[in-house]
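Heads up, the sequence shown is in the working numbering, so the first residue is 123 and it goes up one at a time.
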Amino acid sequence: MPNAPISSFRARVAGFGASTPWQRRVNLGAGLGLLALAGSIAIEHGACSGDDGLAAEAITPAVVAAAAAELEAHGGSPWTTGNLLLDLVEPDDGEGGSESEIAAYVSTLDALAGIEVEPAGFYSEGEHLFRIRTDGSHDAELQALLDDPLTEGVEAEVIYALPSDAMSAADASPDDGVEIDKPGRMPVDDPMFKLQWHMEQIHAPEAWTDTRGEGVVVAVIDTGVAWKDAAGVKRLPDMAGTEFVDGESFIAGLPEGLDDHAHGSHVAGTIAQTTNNGIGVTGVAHRAKIMPLKVLSKDGRGSVPGIANAIRFAADHGAHVINMSLGGPLPSRVLAKAIEYAHAKGVITVCAAGNDHRSRVGYPAANKFAVAVSATDYNRELTFYSNWGADIDVAAPGGDTRADRNGDGAPDGVLQNTIRIGQPLENDYLWFQGTSMASPHAAGVAALIVASGVTNPSEVEKVMKATAVHPRNVKWDEKFGAGIIDAKAAVSTANEGYAPERAGLAGLLALLAIGGLGLGTLRGRARWLGAAGLFGGVAAASGALGTTPLAYGLASAGAGWLGTAAWFGSPLLLSAALPLGAAVLLLKVRGARPVLVGLSLGSAALLLHGAVALPTLLTGLPGAEWIDRAWLAANAALAFALARRIGAPRE
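Structure, rendered in structure tokens:
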């Protein structure tokens, strides 16, 4: 006798659609197992993820000015412009005030004698960031006015620059030799690859058999990049096959993020130099796209507003990774907020630790949500110039142009194609050294991790640290952080590290399907429908989580079409909208019911995994990470309920 249909939704929820004691026991076991799995994963990920280091605390302009004066007294370059940065509240973010009140307040300040108030750059009006120029005659009156509820912070305008000694360089002559193929790695025909010991140190060629950074956008916030032919600059020949997104300049000099220095082009080359093109050298993530953002002038210096604006621009225009091979000894609250903004948008920020050979990491690397990178030499030792300290996260090759420890007849610097220093119409292959060179190696590995499907910046950093190899065989120290990055191990972990929980989630959802959907109780053609629906559900759940080869292939093809990771983060796509829309369109179509059940169950698995096992940031949803998790969990429940509804016995 056929089972009687469940007539009330409340009964469905209470019994998960079970109609026999066996089904109810299956549901109970599956539910408890799912909770236990979710709890264990949450604990494991909570213990390992997160960010070390603290955000730069708000400090007064006087404190910054005093610190800058002390540095300059010891022979350092000026680290402040003499201006103030005024950061006002954001009414749209619920911080108080209104646009009219802010406009009136700025006008009052600007009306003071000897005071000039102007927007501080590209995003300044929208972010309510202003520069105050003062001749010092009315500072007391200005200070009184700045003590206002509309003021979120005031700080001295700090200058950041290329790390000292970053431009130590040596010319390289093209070589006709070709790298011999080695097993277990992608063969390359770039003739000077054999001089890139630094790519070997991080096992980049081994990682290229899995991914080369396809679909990932890396923002290079630097002196610009010679990425196209334009007035006064020529595209680098060994970047002819590298993809770029349109660049932007945030400082005077060449427009469109073009390079008039050399540093930024060299950094971009380490990340994504065209590879396997028969000339020159290679890049870590050579299928990634570069976003060139110029914030440093021809002399290698730039102020905080331009850098902060570039960070926000990158986060708002599709970057997945940011590299900043620049810095200074003074913190900036404005810059710390920009890095936090990028992190909240799902972007990982990688920074050079500094070349002062001191036991303190420079800024912005020392900020919270920044990955601070120290530099190693050919012998996997900390270089003579690298900073170290409590804020170091990982180490990467930075090179030493003074030495030839591997005996290849060339300096042990980092070799890339770049413009000649200060000559944008000429190019060469140059060895540079510095934490500036270490940082883009780490940024390139971050791009490979993102291309492998791990998009949450905290998780990207976690994978990078967990797979780093420490020369001293310790978990962490202040020189190497978690160790020297390993591209192959990082990509393998990104691809496989979450397989147990993915398989567990898929299996548990299948158990819930067996008992909760009640598909096994259908008769005749309905029984075939139920079996097909269950099969489709398990296959879709496994496929959504990357546990079946067929689904992995389909996912890879889809990612390539959409641009890998580009779709990940959309609250519309990461919701129950797809199975719900399919149900509306196809529910009446003969034979579509099992497909719809499978699609709904697979969507539930993917969303639940994003909420619990591998935290996924939603770029279009305002608020903290818990809101993203709540969205994913709620939509997972909705997709699962939809699967139950579609698969329930029909009267």
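For every residue, glycine included, the Cβ atom is placed at its ideal position computed from N, Cα and C. Quick caveat, the model's predicted, so the values are computed rather than measured.
Backbone secondary structure at residue i - three-state DSSP
i, result
"Glu462", "helix"
"Pro562", "helix"
"Ile343", "strand"
"Tyr245", "coil"
"Thr686", "Bear in mind that a pLDDT of 38 at Thr686, under 50, signals an unreliable position, so the number given afterwards is only what the model happens to contain. The answer is coil: DSSP assigns Thr686 none of H, G, I, E or B."
"Asp173", "Any reading at Asp173 is ruled out, since the residue's pLDDT is 40, under 50, leaving its predicted position unreliable."
"Leu457", "helix"
"Gly652", "No answer about Gly652 holds up, because its pLDDT of 45 lies below 50 and its placement is not dependable."
"Trp504", "Reading off the sequence, residue 504 comes out as Leu, not Trp. Of the three classes helix, strand and coil, the one that applies to Leu504 here is strand, per DSSP."
"Thr471", "strand"
"Phe602", "coil"
"Ala352", "strand"
"Glu322", "helix"
"Thr333", "coil"
"Asp513", "coil"
"Trp732", "At residue 732 the sequence reads Gly, which differs from the Trp that was named. Three-state result, Gly732: helix."
"Val276", "strand"
"Ile237", "strand"
"Glu365", "strand"
"Val591", "strand"
"Gly646", "The predicted model places Gly646 with a pLDDT of 41, which falls under 50 and marks its position as unreliable; any figure quoted below should be read in that light. Reduced to three states, the DSSP call for Gly646 is helix."
"Leu723", "helix"
Run of the beta strand (DSSP E) containing residue i, from where it starts to where it stops
i, result
"Glu202", "Per the sequence shown, the amino acid found at residue 202 is Thr instead of Glu. Thr202 -> beta strand (DSSP E) spans 202 to 210."
"Leu415", "411 to 416"
"Arg255", "251 to 256"
"Ser496", "492 to 498"
Proximity test, residue i beta-carbon vs the ligand MN heavy atom, cut-off 7 Å
i, result
"Gly428", "Here there are no bound small molecules, and the ligand MN is not part of this structure."
Sheet register partners of residue i (DSSP bridge)
i, result
"Asn539", "Tyr551"
"Gln545", "Arg542"
"Ala430", "Answer is none; Ala430 lacks a bridge partner."
"Ile281", "Ser425"
"Ser371", "Lys416"
"Pro519", "Thr498"
"Gly449", "Ala283"
Member of the options whose CA lies at the smallest distance from the CA of residue i
i, options, result
"Thr364", "Asp332, Arg409, Asn489, His385", "Arg409"
"Val347", "Arg502, Val406, Met413", "Met413"
"Leu728", "Ala761, Ala705, Asp368, Asp522", "Ala761"
"Ala752", "Trp201, Gln538, Leu696", "Leu696"
"Ala517", "Gly216, Ala726, Gly386, Lys601", "Lys601"
"Gly422", "Leu452, Thr345, Ser246, Ile470", "Thr345"
"Ile401", "Ala763, Asp550, Asp608, Gly732", "Asp550"
"Leu552", "Ala564, Asn539, His563", "Asn539"
"Pro271", "Asp438, Gly218, His465, Met559", "Gly218"
"Ser725", "Ala763, Val711, Ala698, Leu708", "Ala698"
"Pro327", "Trp748, Thr273, Ala611, Pro562", "Ala611"
"Gly369", "Ala569, Val239, Lys411", "Lys411"
"Glu221", "Gly248, Gly566, Phe244", "Gly248"
"Glu581", "Gly468, Ile541, Glu336, Leu206", "Gly468"
"Gly521", "His465, Val472, Thr392", "Thr392"
"Met321", "Ala609, Gly544, Val340", "Ala609"
"Phe506", "Thr523, Asp515, Ile514, Asp513", "Thr523"
"Ala487", "Ile768, Ala770, Tyr282, Glu277", "Tyr282"
"Ser387", "Met446, Val591, His592", "Met446"
"Ala226", "Arg480, Val239, Arg502, His465", "Val239"
N- and C-terminal bounds of the alpha helix (DSSP H) containing residue i
i, result
"Ile444", "Element bounds for Ile444: not the alpha helix (DSSP H) but the beta strand (DSSP E), 443 to 446."
"Val228", "221 to 232"
"Ile393", "385 to 394"
"Asp534", "It is not in any alpha helix (DSSP H) - Asp534 carries neither H nor E in the DSSP assignment."
"Thr615", "609 to 618"
"Leu264", "261 to 268"
"Val706", "699 to 708"
Item checked: Three CB pairs or more closer than 8 Å across the segment 351 to 362 and the segment 432 to 442 -> no
Next item on the list: Decide yes or no for the touch test of the segment 458 to 472 against the segment 596 to 603: beta carbon pairs closer than 8 Å, at least 3 of them.
Entry: Between the segment 458 to 472 and the segment 596 to 603 there are fewer than three C-beta pairs closer than 8 Å, too few to call the two in contact.
Next item on the list: Please determine if the segment 569 to 576 and the segment 606 to 618 are in contact, where contact requires at least 3 C-beta pairs separated by less than 8 Å.
Entry: yes
Next item on the list: Evaluate the contact criterion for the segment 489 to 496 versus the segment 313 to 320: three or more CB pairs, one atom per stretch, below 8 Å.
Entry: no
Checklist line | Contact the segment 370 to 378 vs the segment 330 to 337: 3+ CB pairs below 8 Å | finding: no
Margin query: I'd like to know if the segment 223 to 231 and the segment 446 to 453 are in contact, where contact means that at least 3 CB-CB pairs between them fall below 8 Å.
Written below: Contact annotation: the segment 223 to 231 does not touch the segment 446 to 453, with fewer than three C-beta pairs closer than 8 Å.
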